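Counting from 10, one number per residue, gives the positions in the sequence shown under our numbering. Ideal Cβ positions, reconstructed from N, Cα and C, are used throughout, including at glycine. Small disclaimer: the values here were computed from a predicted structure and weren't measured. Please read the structure below before turning to the comments.
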Amino acid sequence: MSETSPTGGNSVEVHHEAEKMFAALFAMIESARSHVHLEYYIYADDETGRSLGDLLARKVREGVEVRLLLDAVGCWKLSRAFVRDLQARGVRIAFFLPWGLTTRRLNINCRNHRKLVVIDGTRAVIGSHNIADEYRGRKARFGPWRDTTLCIHGPAAAQLQEIFAEDWHFATRESLLTERYFPPLEPAGRQVMQIIPSGPDRRPRILDHLLFAAVSDARHGVLLITPYFVPDNAMLLALESAALRGVRVRLLLPSKSDHWMVLWAGRATYQELLDAGVEIYEYDRGMLHSKVVVVDQRWAMVGSANMDVRSFRINFELTSILYDADAARLLEADFDALLASSHRVLPGEIAAYSFGQQLALGAARMATPIL
10 MSETSPTGGN SVEVHHEAEK MFAALFAMIE SARSHVHLEY YIYADDETGR
60 SLGDLLARKV REGVEVRLLL DAVGCWKLSR AFVRDLQARG VRIAFFLPWG
110 LTTRRLNINC RNHRKLVVID GTRAVIGSHN IADEYRGRKA RFGPWRDTTL
160 CIHGPAAAQL QEIFAEDWHF ATRESLLTER YFPPLEPAGR QVMQIIPSGP
210 DRRPRILDHL LFAAVSDARH GVLLITPYFV PDNAMLLALE SAALRGVRVR
260 LLLPSKSDHW MVLWAGRATY QELLDAGVEI YEYDRGMLHS KVVVVDQRWA
310 MVGSANMDVR SFRINFELTS ILYDADAARL LEADFDALLA SSHRVLPGEI
360 AAYSFGQQLA LGAARMATPI L
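Here you go:
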């Protein structure tokens, strides 16, 4: 279903805790000798963004090429002064699909939601985190922030480098398809994985077709973690059908969100899912921002895509599939651990919602097609 093929010989580290993930990211960038390529939906001018910016500028002084590709809408708050300062220090910065009257681009809908770092063409970082203080749990509004990020060493890094090169060329017309950025790669581990880029430039609806097939093919269990749960009718049918035929389907969703309409649009689907036997849990400890799917304890998906129409059909997203039972069990163990900080949604809760909550459900249900 994808333009990429599975690759073996990879080593993959999974990070959930924000500080450990950022420490690993900074350490990998610190070790760069040739180049660092970064691609983010959100990059903020705060302590986290400035710390990373200082590191990138220092790597430039050491002779390392640094390219930073940012989404023009996701980074609309980023000050020009911050960007000019990094550029003056040698960091090459480009914006993906800038919009406005001066650019003659008024379409702000198709956004680059990918989160990707490639170091020396041999190692890469992908997942759900962005570069801002809240992704380190430093904003009191949400408390601890929970993401899932993969640090990859091996042949899959070349596929991720190619995706960055395509996006960078689209934004700048600079070609990166040279040996400098695609060095020979030796096996670094035993894990088999596949990189799935999706977006308006790819095969239509590849991501939701993939997830629909995965749920439909499940025999024992499906785990799904997502911060924004607005499934279409086909995905609802797949989840409900799996539960009705005896597959244990468990969803872990946030109890609080930075997008209230999306939160209530997801809750508007709870009753029919519960009626089919789907288990739904809401995470209470902080902001749940991970995007993870585990099927039958055999394979897993981790990436940037949410379970909503925007990720499936509009945005540019990046997903990895881990064909590895050990990795799948590790992610399932993390899911089970998170349940200690979650509550299970019971069938009677929806009917007991207050008038205001029922009003929110109705408004969100009507807005679902555009969320």
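Rounded to the nearest whole angstrom, the CA to CA distance from residue 357 to residue 122 is 36 Å. Residue 310 is positioned such that its CB atom lies no closer than 8 Å to that of residue 160.
DSSP places residue 328 outside any alpha helix (DSSP H); the residue lies instead in the beta strand (DSSP E), whose first and last residues are 326–331. Given a length threshold of 4 residues, each whole run of the alpha helix (DSSP H) inside the region 113–185 is given here in chain order: 165–181. Between residue 165 and residue 204, the CB-CB gap stays under 8 Å. Scanning its chain for C-beta atoms nearer than 7 Å, with the 5 sequence neighbours on each side dropped, one finds around residue 359 the residues 279 and 280, in chain order. Here the C-alpha atom of residue 258 lies approximately 20 Å from the C-alpha atom of residue 298. Taking 8 Å as the cut-off, the Cβ atoms of residue 324 and residue 300 do not count as close. Here the region 15–25 lies against the region 191–208, with 3 or more beta-carbon pairs under 8 Å apart. In the DSSP assignment, residue 80 falls within the beta strand (DSSP E) that extends over 74–80. Listed in chain order, the non-local C-beta contacts of residue 197 below 6 Å within the same chain comprise 20, 162 and 163, local neighbours out to five positions each way being set aside.
Taking the Cα of residue 151 as reference, the smallest distance to any Cα among 157, 143 and 158 is reached at 143. Per the coordinates, the alpha-carbon of residue 277 lies some 15 Å from the alpha-carbon of residue 236. Excluding sequence positions up to five before and after residue 127, its CB lies within less than 7 Å of the CB of 46, 133, 166, 169, 170 and 173, all in the same chain and listed in chain order. By the criterion of a C-beta distance shorter than 8 Å, residue 95 is surrounded in its chain by 62, 65, 66, 77 and 102, once the five residues flanking it on both sides are discounted.
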